[in-house]
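S.K.: Okay, here's the structure, questions in a sec.
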Amino acid sequence: MQQRRELDQVYTNRKLLNGQLDTPKWWLPTVSILGVVVLIGVVVIATMVNKGLGVTGLARPVYWGLFITTFVFWVGISHAGIMISAILRLTQAEWRRPVTRAAELLTVFSLLTALVFPLIHAGRPWRIAYWIMPYDISRGIYPNIRSPLIMDPVAISTYLTGSTLFLYIALLPDLGNLRDRTTGWKNAMYTVLSLGWRGNPRQWKMQTVGGILLSALMLPIFVSVHSIVSWDFAVASAVEGWHSTIFAPYFVIGAVHSGVSAVVTMMALMRWLWKWDDFIRPEHFDALARLLIVVATGWLAFTFLELTFALYGQDAPEIALREMQMFQWPWNALFIIFFLTAYAIPVPMWLFKRVRTNIALMFWTSILVNIGMWLERFLIIVPGLARRTPFVYTWEAYRPSPVEWTIFIWSFAWVTFLMLLFSKFFPLVPLFEQKESQVFTEDVMIGRAKIPAIVREAD
Amino acid sequence: MTTAEFGTHNWGMVVDVDKCIGCNACVIACQAENNIPINTQDRVERARSISWIRVERYWEGDFPDAKARFIPIMCQHCENAPCEPVCPVYATYHNSEGLNVQVYNRCVGTRYCANGCPYIVRFFNYWEPVWPESLRNHLNPDVTVRSRGIMEKCSFCVHRIRRESRNARSAGVEIADGAVQTACSSACPTSALNFGNFNDPDSKVSKMKDDKRHYTLLDQFGTDPNVIYLAKIDADKKISAGEAATHG
Amino acid sequence: MSKSILGLFQQPEPAADAMDGLKEAGFELGTFDVLTGTPYPEGAFGEYVPQHRLFRFPAFGAIIGFTLSVFLTAVTQLAYPMVTGGKPIMSIFAMLIIMYEMTMLAGVIATVIGIVFESRLPNMQPGIYDTRITEGWIGVVITFDDESKVADAESVLNKAGALEIKHA
Amino acid sequence: MASQAVAHESEHHAPPPNVDADMVARELIATTTGASGRFKAWVWGLGILSIAGIVALVIKFIDQGDDSTKWGYVAALVSFLLSVAGGAPMVAMAPVMAKANWVRPITRIASLFSFASVVTLVMLIPLVAILPPLVTEGARRRTIWYEAPDYSPHIWTTLALVMLLITGIMLFYSAALPDFASMRDHSTGWRKRLGKRLARGWVGTDAQWRTLRMRIGMFGTFYFLILVFANFLFTTDFGQSMVPGWRDAILPMYHTVSGFQAGVAGVVIALYFSRKYMKLEKFIHLDAFWSLGRLLFALTLLWIYFFYSSFIVFWYGRSENDIATLNHQIKGPMIWAFFGAMILLWFVPWWILIWNKVRRGTTVMVMGSFVILVGLMLDRIRMFVPAWSVPGDQIHEKWLKVIPETYWPDIFDILIMAGGISLVAFIVMMMTRVVPVLSVWQVQEFNLLSKPIKYIRGHATLVAKPD
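Chains as they are written, first to last, in my numbering: chain A, 1 to 459; chain B, 1001 to 1248; chain C, 2001 to 2168; chain D, 3001 to 3467.
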């Protein structure tokens, strides 16, 4: 799968550090525009906190809306990082190398963004310190650890801390590299950050062994995070469409689906923006698309199961809910778009190698997937709450307000903004992994055929 | 585990649907007693109105022989309340007198409890409550005025319970049966709403709740409510609005 | 800091030769080391295989995290025995989730500490170094206790074809 | 989880050397003949047990064929067999999709299990006969067949299992063609004739290889899909729909995943014995056990994950359905089986497989695999015996009002279970007499694609990754 390309290391350094050593022309304008959007978002959030949640479109019985949907969406995106860097590292997939760091980065930043939403969606955000910093004795009351809303922050902060440390450890050799390439205050900064990296066998061994060990440790966290998020919904026995035992793996695999797609989107952007055609190559997109086909189909199976067992009970409210979700305006339109974008359009396209190796097409299909996956979360959360059960005396459908939409857009601008800021100081493609793959791949002649081969260390 | 068995009191209500005439006196009484913000037309249209108790009306049969059925619904104070365990800050929990209490000061407004509640009797304050100048002095001093951003719901007029228990303690006697009346029950002209202590076997409600007409709402959720309904007796057919709704 | 010299090579083969030469010249393992810009398969230069105790760190961290979490979850419930939704005061199945997360968190943090510690970082006097190492060059660094052996070390490096020898 | 890392401690042995192609062919073909005395004794023992099991099945059917509450253990056995015999061939498939080289030598031994799906079918027959139709005295019970004809579960489950058997055998055969050819060339007697007939003129032209690979990929994919489908149908029709109000959306996936776990365990066991008693050390490297061990470890963790994610939802939800399900499935009379399963399927294997040393060895691995199989049996018992012990007149209530009396195994059940399991072992052992237990051409390919090299000064293996 991985064609062997001889790449001189000096060239590799120059190309992959072009973000840090010299600023691309487009960088400053883009960042400033994004900064403006972010600023607007912050102002809107401030006004909402100041005025109260009346400015949102929430109404009984739909008490959770766009914010929680977007929260789940970003937590889902965050599952890209460990999926790519941990699972593919453990399965020794060679093509992961250029992607890993960008994916982990996406994890960190999307988690940071996701954490904002539960905060601002609460009625009295300034009091949420009570459950983020639970143990102030002065308040004299501990949080209720039986509540899934306590498990959420615990799980997400665990995941965030873990991936941040993971990111930093994998960054060490490249920081050393940057230290060697820079001068002045930058050099000083990188010298401190790289902790005096030299690259002797002991340090490299720690990189490999530690990397794999960390992956193995992050993997269970990765699975647990979205499961716990899903239990926020699944434990509510009174909400048809939420109270399903399949939610945990269903959410996790959906998260992987959207996360890996987001990575594809990002890779395409990186390739275009920084002109990394030598490093992010069609075969990487090809491999990711193959992975995506499997993941998406698995996700479809879970969706099917979820639906089957929703109707399995054959209770009137459940059936009424599904009827609304699929056949009533506007939900039916959303449902159709969701299904088309999340599966029906992209996956059949990915079956063709021509599509898989076409960066532009991959870019757009991956964006489609994420539109669909966002809609999926929306279609689970909101129609579930707009119940069709007895004693619901308001059949008010929920319509998000402009404020909510602004904050929704803000979240995307915010993540991109952080990404670009990071890219100014740290390489987005792990240089040492890139070079390692050069060292570890050789061509073997079998008969007349030249076949790419990988050096596996004997264990 | 339920708290009712180790408390001396287990407050509860018996609603005789047969007696309810749908006059909405209970609703008005509740609004006045508990400082509930005025439900303006806008709030009602936006489904943001707050009414701790409501009288639901169902039509049975078709015109001309259509019958109106009424059923008052307030917080059921469930023993296995779905709203309680999901609150991250113990803002709602079950106290030792069988009440499902809402602690306004703890609430941060995640609205998770309202998602859990199948009876839709929990309400969120979207705005700071305001009253016209003329009503400023009509607020009940015993009841907190809820600020924006928190949940509220029927409290079984807990302030009245407290007052009576204070009086009883100072007089050194047990709280007499019927001494505590919620605003709604005292306002009900047909005494369809009856409030009392289920742990006292000779109390009025304890006797009523063993009536063979008794049922609870949405029992498939296993919430074990402290509000017992007595079914409507109909001359021609034996069905009550409550059951019609329950098995709706 | 004791004297040390650094021989630079562009290809792995001569570097490996140099390492062998140093072994033959009687330098004991550990006094000389190889610096590379990328990880090479272990023992590629015949260097001594570094021993590490990395696997103890996560176990240690996990134990700490677990005990801490048990304490935390149990105490928070027992200190305020408030019944919610008829759940037991000690709701083990809710506790399990938080215990799990905290155990993993402590495990990860301990592992990271372990990685940094086991790779002997942070090290603010890295000693003799050359920036070309991160451009694919390979450095063989030798540290001496006594100045006498510098000469034969240099000769070994030269024999192996070092492109440059730095002193520090 | 610490030692899940692929670290390599100080020991630095060179990887085992390659074997010449002709030697591979000769030795592997030779393994089909010349069975040892111990082997024959085992085969006889297992054969007798299997016959006893079949007889017991027939008698039980004649004796208790009218009472569905007495068939829980047979249902559990069918589920067990579906898991092991159905899951094992997946071991051959999944890594092949991922182009893992270590799996090439052992695909055959995994796909041999697909013949054992016959046993699943045999055991299913009485169950299908006894399973109540969708509508009994006017009331339709909850199933995935909302308004479908009354006998849809019976038809479709049987069909799915038959399809599973056929696809499995096709998968085996399409991968075995070149080996039949080499039997034709190197073997003697009836094996030679069989090889001649089945090789269908295989000479190994480029076109033939291409079609072969295509077939393997195709049947592998089909097999996977059908397996998931069969798990789904069996767990819902023969499990959940027998209990009013049992509504556990994760159960089919739970069943499938623990099925894979059991399949890997079965493959490890078969691999261990064939390696030990057929002297195949130089073909089956420790690397295979190492990789299988990691797979098994991951699946062991998945089991507890799937179980917990259904349990916690019931525990929180505590609606009447949920409480009834918990009491019936876990806290009921089968609690011993549940805890047994929990310990043997998750806890013990977890603590066994977490060690690198174990996964680099064979003996402890195989012990762990046996533990897992026992645990799986218990797990199936705790699921299906309570399910089938619900009286027929209650299965269309809204939810389970009273937990029914459980049913303890009688002599027939024990005989049937022993018989079924030994029949699987018997079939697999007999198949090793017909075809080489390791696929000749894939061992040769393995040796072709990975060769031990000396990388500068260190030892390493060079693994070619053809597209």
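Where is the CB? At the ideal position from N, CA and C, for every residue including glycine.
If the cut is a Cβ gap below 8 Å, which residues of chain B does C/Thr2084 touch?
M.R.: As a position in the third sequence, residue 2084 of chain C is number 84, starting the count at 1. Correct list: Ala1081, Glu1084, Pro1085, Cys1087, Tyr1090, Thr1092, Tyr1093 and His1094.
S.K.: Ignoring anything shorter than 4 residues or poking outside the segment 314-401 of chain A, list the alpha helix (DSSP H) runs there in chain order.
M.R.: Within the segment 314-401 of chain A, the complete alpha helix (DSSP H) runs of at least 4 residues are 316-327, 331-339, 346-350, 353-356 and 359-385.
S.K.: From the DSSP output, in three-state form, read off D/Ile3250 for me.
M.R.: The residue you call residue 3250 of chain D lines up with position 250 of the fourth sequence. Reduced to three states, the DSSP call for D/Ile3250 is coil.
S.K.: Does chain D have any CB closer than 9 Å to the CB of B/Asp1065?
M.R.: Here residue 1065 of chain B is taken as the residue at index 65 of the second sequence, counted from 1. So no, B/Asp1065 is outside the interface.
S.K.: Would you please state the rounded distance, in angstroms, between the beta carbons of A/Pro173 and A/Trp197? I believe it to be under 8 Å.
M.R.: Counting from one through the first sequence, the residue named residue 173 of chain A turns up at place 173. Counting from one through the first sequence, the residue named residue 197 of chain A turns up at place 197. With 8 Å as the limit, A/Pro173 and A/Trp197 qualify as a contact, their Cβ atoms being about 6 Å apart.
S.K.: Would you give the residue range spanned by the alpha helix (DSSP H) that D/Arg3026 belongs to?
M.R.: As a first step, residue 3026 of chain D must be located in the fourth sequence, where it is residue number 26. Unbroken alpha helix (DSSP H) run through D/Arg3026: Ala3021 to Thr3031.
S.K.: Please go through the same chain and pick out, in chain order, the residues whose beta-carbon is closer than 8 Å to the beta-carbon of C/Met2001, but skip the five residues on each side of it.
M.R.: On the third sequence, residue 2001 of chain C is found 1 positions in, with the first residue counted as 1. Because C/Met2001 carries a pLDDT of 48, less than 50, the predicted location of this residue cannot be relied on, and the following value inherits that uncertainty. Excluding the 5 residues flanking it on each side, C/Met2001 has same chain C-beta neighbours closer than 8 Å at Gln2125 and Gly2127, in chain order.
S.K.: Can you check which of these residues, D/Gly3332, D/Trp3202 and D/Val3084, is closest to D/Glu3405 by C-alpha distance?
M.R.: Translated into the one-based positions of the fourth sequence, residue 3405 of chain D becomes position 405. Answer by Cα proximity: D/Gly3332.
S.K.: By the 7 Å beta-carbon criterion, what residues does the segment 2132-2160 of chain C contribute toward chain A?
M.R.: Along the segment 2132-2160 of chain C, the positions whose C-beta sits under 7 Å from a C-beta of chain A are Ile2133, Thr2134, Glu2135 and Gly2136, read in chain order.
S.K.: With distances taken Cα to Cα, identify the nearest neighbour of A/Val10 among C/Gln2077, C/Trp2137 and C/Ile2092.
M.R.: Start at 1 with the first residue of the first sequence, and residue 10 of chain A comes out as number 10. Nearest C-alpha to A/Val10: C/Trp2137.
S.K.: Which runs of the beta strand (DSSP E) fall wholly inside the segment 2080-2153 of chain C and span at least 3 residues, in chain order?
M.R.: 2138-2143
S.K.: For the segment 2038-2051 of chain C, list every residue whose C-beta sits within 8 Å of some C-beta in chain D, in sequence order.
M.R.: With the criterion set as a beta carbon lying under 8 Å from some beta carbon of chain D, the members of the segment 2038-2051 of chain C are Tyr2040, Pro2041, Glu2042, Gly2043, Ala2044, Phe2045, Gly2046, Val2049 and Gln2051, in sequence order.
S.K.: So what's D/Ile3144 in DSSP terms, helix, strand or just coil?
M.R.: Stepping through the fourth sequence from its first residue, residue 3144 of chain D is reached at position 144. In the structure shown, D/Ile3144 sits in coil (DSSP, three-state: anything other than H, G, I, E or B).
S.K.: Quick check on the burial criterion: 16 or more other C-beta atoms within 10 angstroms. Buried or exposed for D/Ile3023?
M.R.: As a first step, residue 3023 of chain D is located in the fourth sequence; it is residue number 23 there, counting from the start. According to the sequence as given, residue 3023 of chain D is Met; it is not Ile. With fewer than 16 Cβ atoms within 10 Å of its Cβ, D/Met3023 is classed as exposed.
S.K.: How would you write the range of the beta strand (DSSP E) that B/Met1013 sits in, first residue to last?
M.R.: Numbered from its first residue, the second sequence carries residue 1013 of chain B at position 13. Trp1011 to Asp1016 is the extent of the beta strand (DSSP E) around B/Met1013.
S.K.: Give the residues of chain B in contact with C/Tyr2080, contact being defined as C-beta atoms less than 8 Å apart.
M.R.: Counting from one through the third sequence, the residue named residue 2080 of chain C turns up at place 80. Among the residues of chain B, those whose CB is under 8 Å from the CB of C/Tyr2080 are Tyr1090, following chain order.
S.K.: Kindly examine the ligand NAD and report whether one of its heavy atoms sits closer than 8 Å to the Cβ of A/Asn187.
M.R.: Of ligands this structure carries none, so the ligand NAD is not represented either.
S.K.: Rounded to whole angstroms, what's the CA-CA distance from D/Pro3436 to D/Thr3211? Just pull it up for me.
M.R.: Within the fourth sequence, numbered from 1, the residue matching residue 3436 of chain D stands at position 436. Within the fourth sequence, numbered from 1, the residue matching residue 3211 of chain D stands at position 211. Cα to Cα, the separation comes out at about 22 Å.
S.K.: Over the uninterrupted alpha helix (DSSP H) stretch that includes B/Ile1150, give me the two end residues.
M.R.: The residue you call residue 1150 of chain B lines up with position 150 of the second sequence. Run containing B/Ile1150: none; DSSP gives neither H nor E here.
S.K.: From which residue to which residue does the alpha helix (DSSP H) around A/Tyr168 run?
M.R.: By one-based count along the first sequence, residue 168 of chain A stands at place 168. Counting along the chain, the unbroken alpha helix (DSSP H) around A/Tyr168 starts and ends at Pro148 to Arg181.
S.K.: Quick one: list the residues of chain F neighbouring C/Gly2021, beta-carbon separation under 7 Å, in chain order.
M.R.: Included in the structure are the protein chains A, B, C and D, with no chain F among them.
S.K.: Note down, in chain order, all residues in the segment 3247-3265 of chain D with a beta-carbon under 7 Å from any beta-carbon belonging to chain A.
M.R.: Per Cβ criterion, the list reads Arg3247, Asp3248, Ala3249, Ile3250, Pro3252 and Met3253.
S.K.: Buried or exposed for D/Asn3101, please, with buried defined as at least 16 other CB atoms from any protein chain shown within 10 angstroms of its CB.
M.R.: As a position in the fourth sequence, residue 3101 of chain D is number 101, starting the count at 1. The residue is buried, with at least 16 neighbouring Cβ atoms inside 10 Å.
S.K.: Using a beta-carbon distance below 9 Å, is A/Glu442 in contact with chain B?
M.R.: Along the first sequence, read from residue 1 onward, the residue named residue 442 of chain A stands at position 442. Closer than 9 Å: no.
S.K.: Give every residue of the same chain whose Cβ lies closer than 8 Å to the Cβ of B/Ala1245, excluding the five residues on either side of it in the sequence, and list them in chain order.
M.R.: Within the second sequence, residue 1245 of chain B is the residue found at index 245, counting from 1. In this predicted model, B/Ala1245 has a pLDDT of only 47, less than 50, meaning its place in the structure is not dependable; the value taken from the coordinates is given anyway. Result list for B/Ala1245: Glu1056, Tyr1058, Ile1071 and Leu1217, in chain order.
S.K.: Per the DSSP calculation, B/Arg1057 is bridged to which residue(s)?
M.R.: Locating residue 1057 of chain B in the second sequence gives position 57, where the first residue counts as 1. The partner list for B/Arg1057 (beta bridge, DSSP) reads B/Phe1070.
S.K.: Can you tell me whether B/Gln1102 is helix, strand or coil according to DSSP?
M.R.: Numbered from 1 along the second sequence, position 102 holds the residue referred to as residue 1102 of chain B. Taken through DSSP and simplified to helix, strand or coil, B/Gln1102 comes out as strand.
S.K.: Would you say B/Trp1011 reaches chain C, if we count a Cβ-Cβ gap shorter than 9 Å as a contact?
M.R.: Position 11 of the second sequence, counted from the start, is the residue given in the question as residue 1011 of chain B. Cβ-Cβ to chain C under 9 Å: no for B/Trp1011.
S.K.: With a CB to CB cut of under 7 Å and the five nearest residues on each side skipped, what residues in its chain are close to D/His3008?
M.R.: Looking up residue 3008 of chain D in the fourth sequence gives position 8. Unreliable placement is indicated for D/His3008, whose pLDDT of 40 sits below 50; no coordinate value is reported for it.
S.K.: Does any C-beta atom of chain B lie closer than 9 Å to the C-beta of A/Phe391?
M.R.: As a working mapping, residue 391 of chain A is identified with position 391 in the first sequence. Closer than 9 Å to some Cβ of chain B, the Cβ of A/Phe391 qualifies, so yes.
S.K.: From this set, A/Arg399, A/Val455, A/Arg179 and A/Phe440, which residue's C-alpha is nearest A/Trp64's C-alpha?
M.R.: Locating residue 64 of chain A in the first sequence gives position 64, counting from the first residue. When only C-alpha atoms are compared, the closest one is A/Arg399.
S.K.: With a CB to CB cut of under 7 Å and the five nearest residues on each side skipped, what residues in its chain are close to A/Ile77?
M.R.: Sequence index remark: in the first sequence, residue 77 of chain A carries index 77 (1-based). Counting only Cβ-Cβ distances below 7 Å, and skipping sequence neighbours, we find Leu106, Ser110, Ser258, Gly259 and Ala262.
S.K.: Leaving aside the five residues before and after D/Ala3035 along the sequence, list all residues of the same chain whose C-beta is less than 7 Å from its C-beta, in chain order.
M.R.: Your numbering for residue 3035 of chain D matches position 35 in the fourth sequence. For D/Ala3035, where only same-chain residues beyond five positions count, the Cβ hits under 7 Å are Arg3433.
S.K.: Nearest-angstrom Cα distance between A/Met324 and D/Asn3447?
M.R.: Here the question's residue 324 of chain A lines up with position 324 in the first sequence. Here the question's residue 3447 of chain D lines up with position 447 in the fourth sequence. Taking the straight line joining both Cα atoms gives about 59 Å.
S.K.: To which residues of the same chain is B/Asn1226 closer than 6 Å at the C-beta, ignoring the five residues directly before and after it?
M.R.: Translated into positions along the second sequence, residue 1226 of chain B becomes position 226. Excluding positions up to five away in sequence, the list reads Gly1012, His1077 and Gly1098.
S.K.: For A/Ser401, which option in A/Pro24, A/Leu368 and A/Gly54 has the closest C-alpha, if you only look at C-alpha atoms?
M.R.: As a first step, residue 401 of chain A is located in the first sequence; it is residue number 401 there, counting from the start. The option with the nearest alpha carbon to A/Ser401 is A/Gly54.
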